[in-house]
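Enquirer: Residue numbers (the numbering used here): 2 to 135.
#1: Just to confirm, are residue 150 and residue 55 a CB contact at a threshold of 8 Å?
#2: Just the Cα atoms here: how many angstroms apart are residue 40 and residue 78?
#3: How is the alpha helix (DSSP H) around residue 44 delimited, first residue to last?
#4: When DSSP builds the beta bridges, which residues end up paired with residue 108?
#5: Hey, quick one: how far does the alpha helix (DSSP H) through residue 76 stretch, first residue to last?
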């Protein structure tokens with residue numbers, strides 16, 4: 002019975018990772034590609050690591066497998082967010098079917114300043130920093 006569970010976990014994990022790879026190839030822009038790789042690949046790796054934990058069934062291996070799962074689930078969304086945001090800031094084009102762009106009204110591409118929408122007159126004023134041109 003455990004062999005069937007391990008096989009199902011491995012196969013499911015491989016299918017999710019394949020879907021992530023297909024998403025990278027087929028999706029139209031950076032943001033949707035980042036979404037596919039983050040969600041599907043993280044789930045795929047988690048399922049494979051669960052199968053590894055079941056296969057070896059040793060405390061050290063199970064602890065490492067769960068450590069990998071926790072690490073992937075904590076870092077993949079953050080990394081995708083940072084890469085997607087950097088791509089937006091350097092001018093990566095959005096897909097023509099993009100419905101909502103919440104950064105556009107708050108981001109100035111000339112100065113690369115991003116406003117949160119909660120600025121007051123006092124804290125929205127640009128103060129010169131070291132290295133700013135005069």
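Backbone N, C-alpha and C fix where the C-beta goes; we use that ideal spot for every residue, glycine too. Keep in mind it's a predicted model, so treat the numbers as computed, not measured.
Expert: According to the structure shown:
#1: Shown here, the chain extends from 2 to 135; a query on residue 150 therefore has no answer.
#2: 8 Å
#3: 31 to 57
#4: 115
#5: 60 to 90
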